[in-house]
Amino acid sequence: MSGALVAAVLTDPARATVLTSDAWNALIAAARAEQLIGSMAVRLDGLPIPPAAARIMADARVSAEQGRVAALWEAEMARRALAPLGVPVVLLKGTAFVAAGLDAGRGRSIGDLDILVPRESLDAVEAVLLAAGWEWVKPDPYDDAYYRRWMHELPPLIHRERDRMIDVHHTILPPTARPTPDAAALIADAVPLGNGLSVLSSEDMVIHAAAHLFADGDLQGGLRNLWDIDRLVREFDDAGLVERLMARAGRHDLVPATARALRLAKRVFGTPVDGFAPVASDALFARRLLARDGWGRLRHKGTEFGFYVRSHLLRMPPAMLARHLWTKFRKT
Amino acid sequence: MLRIGPVGFRIGSDWRAPIGALGDLYRDYPLPEDGIVDFNVRLFAARPWRRFVRPAVTIGGDYMLPDALPLPLAQGLLAAEMGMNLQMALAQRRYLLLHASVVERDGRGLLLSGVSGAGKSTLAALLMTRGWRLMGDEFALVDPATGLVHAFPRLISLKNQSVAVLQCAAGQARFGPLLAGTPKGDIRHLVPDATAIAAMDRPAVPALLLFPTFGPAEAVRAVGAAETFVRLTQASTNYVALGERGFATLRRLVQDVPVRAIDYADTDSGIALVERLWRELA
Amino acid sequence: MGARYRAPPPGHVLILSLDPLTAIYHRASGQTHVVAPPVPEMLALLVDPLTPGELLAALGERYDLPDGDVAALTARLDELAAIGLVTRDAI
């Protein structure tokens, strides 16, 4: 499977020096589908690979660099808009990785700007962003009410000039999800970048990536999240990292998710963590994470559907899920 | 798999017919270098039964538009061409992509940039029949490192009346099937001539830029640097994505290349006007 | 509430004269802005942070403007701040 080839080459770039042209085509298609082409291009920089592949990788590095500039600018514009409020603003995910200069940010594709602010500041943050040119993406009152009541973020906003989205979170999982992370601790222990913005502490960054991997979506794009986790753990690695990580995960109610993420990272990318022996159900997750064919298409449609329902169940208790589906159904 | 200029494509399909048509029309084109393609295009049935029941071709690939409407299977060739264009428009990062047709003489390139319906494909195809080398009817690929324009001589997409014009002017050339009633009207593809295919790896120095408009009485107008700059940013699908390299590439074009806007009422006088301006300015 | 405005330092923007307009490539944002006079002149002066009043005086001194209007200039500066080409620092 091409997903497995993507993982193998990311882990050991020298593998790319012996690929057939068919394998290259499958590798590139699957890496693009997983939005890992930039990360792969960084890993392959300088290796002896065929000129046609080298050009594609050079393009991907340039493209990722332009994406980095755009992501940092979006963060800067949010900073300028929010600065008068004087509230803490914590960058999350890809933007945080590049702003902090982490390995996980090298070549990474970055979409929306994700920020974390204290829950009690949400109304003020929303008002300031609306005044500074951001607008609601969906004018639908049901979706709006749904987000406000049940989600961990404001409904998505898009900037009317720059056409970029911002997701304003007040915690890292929806309040309807069983685990309830300690949002105040996330903000209290965030690390300032010196420009008025901050990023999560090392441990919280890994835990957030783990929570995001399992709780947000149907594992689509999960291979990139898992690659984030591998890069973060390798960069932060010291004698006590895993102990600190698991203690912190306990505080956020996220021990199972963090443990599974570390097991999967170890299984797929060889992430160096002691212990974390595989459990049976990991195989199902791994198969889903690596399910791409030679054209970058998802395989195992059945597995995919199972994960979609599962992710909804995680977010919403059953009665609420029924209500949600009913309202969605009536609208269509 | 095929290569058009510097860009390699791999095209897959749930049906055999579109691949057969492509293989025939592109039979003289080379294979991608190293067998490694820049982009994948996939024509697929959005629902399994759509392979057989009123087959509808959805355009997919490495980069996709979320809400692209499917085409009937009879227009599968058009779907494949649109799929290749889509990969270029969404993801080409090596060259500045300008919506322009390009022809070449003596190593120097003439760029015709305009909106759909300005006649850039028709003019380029006619110039090809008059001894110019066709470099492309849709995209000009400008290399930020050198300023040279690279050829992208895909099939020439002729619409409506221009099909008859070219059947008259290029009788012995190869045409694809008539695709009637597409979203863009009646379309027939014209295969670029042997010179265009044989020389497609040779870039050209941009020497003249024209903004043609089809319809009004013949006129030639000077175009200021500001208007040229803005029109080229609008004619580019990847100017913003290229960042500073895009800016530097446009700077060079605006500073080095003479520019005119031209109106022409019929293709004969349009060709005469283009060749006259080439003699005077390029 | 007053404010000082400052432009990106030299080297952070690339300038292309398109007489009579000017294209400005802003490296930090990756955006290109096509602007009319006196925006390039304003940006050149704002390499040192200035209030609208100070900027108006400096423009008058150098470019022989007939008469100035601080309110109009402030509005232009706020537009430039909205696209991020100048930074507004409250004082």
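Residue numbers (the working numbering), protein chains in the order written: chain A, 1 to 332; chain B, 1001 to 1282; chain C, 2001 to 2091. Note that beta-carbon positions come from the ideal geometry of N, C-alpha and C, so glycine has one too. Values in this document were obtained by computation on a predicted structure and should not be read as measured data.
Listed along chain A are Asn25, Ile28, Ala29, Arg32, Trp295, Gly296, each with a C-beta nearer than 9 Å to that of Asn1040/B. In this chain, the beta strand (DSSP E) harbouring Leu157/A covers 157-159. Linking Glu1275/B to Val1191/B through their CA atoms gives a straight-line distance of about 23 Å. Interface annotation for the region 1031-1064 of chain B against chain A: Pro1032, Glu1033, Asp1034, Gly1035, Ile1036, Val1037, Asp1038, Asn1040, Arg1042, Asp1062, criterion Cβ-Cβ distance under 7 Å. Straight-line measurement puts the Cα of Glu203/A at about 15 Å from the Cα of Leu91/A.
Residue burial annotation: Thr1058/B is buried, with at least 16 other C-beta atoms found within 10 angstroms of its C-beta.
DSSP lists Val1103/B, Leu1208/B as the bridge partner or partners of Leu1110/B. Among the residues facing chain C, Thr1233/B is included, as its CB has a counterpart in that chain under 8 Å away.
Around Ala1199/B, the same chain offers Arg1133 as residues with beta carbons nearer than 7 Å, after the five sequence neighbours per side are excluded.
At least 8 Å separates the CB of Ala1265/B from every CB of chain C. Between Pro2010/C and Val2039/C, the C-beta spacing is not below 8 Å. Sequence-ordered contacts of the region 2016-2049 of chain C with chain B read Leu2016, Leu2018, Asp2019, Leu2021, Ala2023, Tyr2025, Arg2027, Gly2030, Thr2032, Val2034 [C-beta pairs closer than 7 Å]. For Ala1226/B, the chain C residues whose Cβ falls inside 7 Å of its Cβ are Leu2018, Leu2021, Val2034, in order along the chain. CA-CA distance, Asp228/A to Gly270/A, rounds to 13 Å. Considered as a whole, the region 86-134 of chain A harbours 89-91, 113-116 as its complete beta strand (DSSP E) runs of no fewer than 3 residues, in chain order. Nearest Cα to Met1001/B within the set Pro1030/B, Arg1016/B, Ala1017/B: Pro1030/B. The Cβ neighbour count for Asp167/A, taken over all protein chains shown within 10 Å, is at least 16; the residue is labelled buried. According to the DSSP assignment, Met1088/B belongs to the alpha helix (DSSP H) that extends over 1076-1091.
Within 8 Å of the CB of Gly2084/C, the CB atoms of chain A belong to Trp73, Glu76, Met77, Arg80, in sequence order along the chain.
Along the region 1007-1028 of chain B, the positions whose C-beta sits under 9 Å from a C-beta of chain A are Gly1008, Arg1010, Gly1012, read in chain order. As DSSP reads the structure, Trp136/A sits in a beta bridge with Leu157/A. With 16 or more other Cβ atoms from the protein chains shown falling within 10 Å of its own Cβ, Gln2031/C counts as buried. In this structure, the straight-line span from the alpha carbon of Thr11/A to that of Arg267/A is close to 11 Å.
Taking Pro2037/C as the centre and dropping the five residues before and after it, the same chain places no C-beta closer than 6 Å to its C-beta. Nearest Cα to Ile56/A within the set Phe276/A, Ala31/A, Leu82/A: Ala31/A.
By the beta-carbon neighbour count (other beta carbons within 10 angstroms, threshold 16), Ala7/A is buried. If you draw a straight line from the Cα of Phe1139/B to the Cα of Leu1242/B, it is about 16 Å long. Close to Ile56/A, with beta-carbon spacing below 7 Å, are these residues of chain B in chain order: Asp1038. With its beta carbon at least 8 Å from every one in chain C, Val87/A lies outside the interface. For Pro1032/B, the closest of Ile37/A, Asn25/A, Glu34/A by C-alpha to C-alpha distance is Asn25/A.
A direct Cα-Cα distance of roughly 10 Å separates Val2035/C from Ala1226/B. With 16 or more other Cβ atoms inside 10 Å of its own Cβ, Ala2023/C counts as buried. Counting along the chain, no beta strand (DSSP E) covers Met1064/B, and no H or E run does either. Interface annotation, Asp112/A: not in contact with chain B, CB-CB separation never under 8 Å.
Per DSSP, the continuous beta strand (DSSP E) segment holding Phe1009/B begins and ends at 1007-1013. Within the same chain, Pro1032, Val1037, Asp1038 come within 6 Å of Gly1008/B by CB-CB distance, once the 5 residues on both sides are set aside.
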